[in-house]
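Visitor: For the sequence shown, our numbering gives the first residue as -5, with consecutive numbering after it. Ideal placement from N, C-alpha and C gives every residue a C-beta, glycine not left out.
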Amino acid sequence: MALAAALVPIALAGHRFWEEEDPSARAQQRVHSFKNLSMLGGLLIAAGDTGGAPSPLWRGRHTARDPRRDARLVHRPVRATAGPAAAAGGVLEKLGRR
């Protein structure tokens, strides 16, 4: 990020193609200015690269989502077995075997 921050003033102050009178000098300065702009884009991409790991934003969203998903996954089998278990418990209670 420091390189990207240093590149902006260099591009603006060092290659003022809009002030050049000579068309060939203007074209040359424009090429250098666009080269610096493309390097800035590459530096920003490199600064945002996480090395194959998910971004902190993605991690935060999925960290919050995973417990809710786990709770739903646990809730389904508990709900499915709670009804028959309660019915069996009620039958045993009526029979006095509890």
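In the DSSP assignment, the alpha helix (DSSP H) including P48 goes from what residue to what residue?
Guide: Where P48 is concerned, there is no enclosing alpha helix (DSSP H), given that its DSSP letter is neither H nor E.
Visitor: How about A19: is its C-beta nearer than 9 Å to some C-beta of chain C?
Guide: Here there is only one protein chain, and chain C is not present.
Visitor: When the distance is taken between beta carbons, is L(-3) closer than 9 Å to L37?
Guide: yes
Visitor: Buried or exposed for H9, going by 16 or more other Cβ atoms inside 10 Å?
Guide: buried
Visitor: Are the beta-carbon atoms belonging to M(-5) and A47 less than 9 Å from one another?
Guide: no
Visitor: Cutting at 8 Å between CB atoms, please list the residues of its own chain near M33, excluding the five before and the five after it.
Guide: L1
Visitor: Compute the distance between the beta-carbons of F28 and R20, then report whether it is under 9 Å.
Guide: no
Visitor: If you draw a straight line from the alpha carbon of G54 to that of S18, how long is it in whole angstroms?
Guide: 52 Å
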